[in-house]
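Taking it in order: structure first as C-alpha cells, then the write-up.
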Amino acid sequence: GYNRLEDVILVCCLAHARRKFFEAVPAARRKKLKLLDVNSDEAIEDTGIPDEEKLEQLLPAEIGLLYCNKLFYLERTLKELEAEERKQQRTILEQPVWEQFWNWLGTLHPTGGSKLGKAVNYAQNHHDTLMNYMIDGRCEISNNRAERKAKSYAVGRKAFLFHTSEAGAGASAVMYSIVETAKANNLNIFQYLYMVLLYMPDYMNSSAGIEQLMPWSEFIKEQCSGIIDVESNVPENRIPLPCR
C-alpha cells in the first residue's frame with residue numbers, strides 16, 4: 001500500500017471523524033441532524049458555533065458535529081479559489097475553528113468504550129493528520145469526492161469479476177482514472193477519448209504534447225466540451241496541437 005512510499009504526508013478525512021460524532025448522538029436526536037458535503041451543489045447555511053448558553057443545551061457529540069460542519073461550510077466557500085489563496089484563507093478562517101475544537105475536545109472525559117469516547121479518541125489520535133490538509137491548498141478536507149469517483153470502479157469490478165493479469169488490472173485502473181478525471185473536468189467522455197486516440201500517436205514521446213492532451217488543458221476543454229463532428233474530425237483534418 002501507500003505505507004511503502006517515501007516522503008508522503010498523510011492527510012486524514014474529516015468526514016470519518018465527523019461520522020463518529022454523528023454515531024454518538026442518540027438515534028432520536030440524530031434524525032434532525034444534517035451532514036454537510038463540501039462538493040455538493042445543495043445550498044447550505046452557515047451552522048456557526050452557538051454561544052455558551054446554547055451549547056449547554058447540546059450533547060457533546062452534537063457539539064463535535066457542529067464544529068465539523070462549520071469547517072465543511074468554510075471549506076465550501078473556498079472551493080473556487082486557487083490552491084495558494086485557499087491555503088491562506090484556511091489559515092485565516094479555519095485555523096481558529098480548529099483551535100476552539102481541540103481546546104473543547106480536551107475538556108471532555110467520556111466513558112471508555114462509549115461511542116463518544118471512540119469519537120474523541122479517534123480525533124485526538126489523528127490530530128496531526130486531520131490538520132495536514134492545511135499545509136497545501138490542493139489537499140481536501142475529506143476524501144468523499146475520491147470515494148465517489150472510486151465507486152464506479154468498484155461496481156464495474158463486481159460485474160466483470162476478473163482482470164486475468166496484473167497488466168490487465170493496471171490497464172483497467174488507468175482507463176478508469178482517465179475517464180473519471182475527464183468527468184471531473186466536465187468533458188464529453190467519448191469526445192475526449194476520441195481526441196486522445198486521434199492525437200496520441202504523434203505525441204507519445206513529447207511531454208509537452210501529452211500535457212496538452214490532459215483533461216484539464218485549455219485545448220482539450222475547448223475541443224471536448226461540446227459535440228464534435230467525428231466524421232470530419234479525422235487525422236488529415238485535425239487541428240494542430242498547440243505548443244506550450
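Residue 175 in UniProt numbering sits at position 175 of the sequence shown, with consecutive numbering throughout. Positions of the beta carbon are idealized from the N, C-alpha and C atoms, including for glycine. Being a predicted model, the structure only gives us computed values, none of them experimental.
Proximity of the segment 54-69 to the segment 16-32 meets the contact definition, three or more beta-carbon pairs being nearer than 8 Å.
In this structure, the straight-line span from the alpha carbon of THR107 to that of PRO50 is close to 17 Å.
Fewer than three beta-carbon pairs drawn from the segment 102-118 and the segment 159-169 are found closer than 8 Å, and the two stretches are therefore not classed as touching.
Closest option to ALA17, judged by alpha-carbon separation, among GLY209, LEU187, HIS126: HIS126.
LEU59 is the residue among ALA167, THR181, LEU59, LYS79 whose C-alpha sits nearest the C-alpha of ALA27. Counting the other Cβ atoms within 10 Å of the Cβ of ASN144 gives 16 or more, which makes it buried. If you check the CB distance, ARG90 and GLU75 come in under 9 Å.
Taking the Cα positions, ALA123 is about 23 Å away from ARG148. Here DSSP, grouped into helix, strand and coil, assigns PHE162 to coil. For MET200, the enclosing alpha helix (DSSP H) begins and ends at 189-203. Look at ILE63 here: in three-state DSSP terms it is helix.
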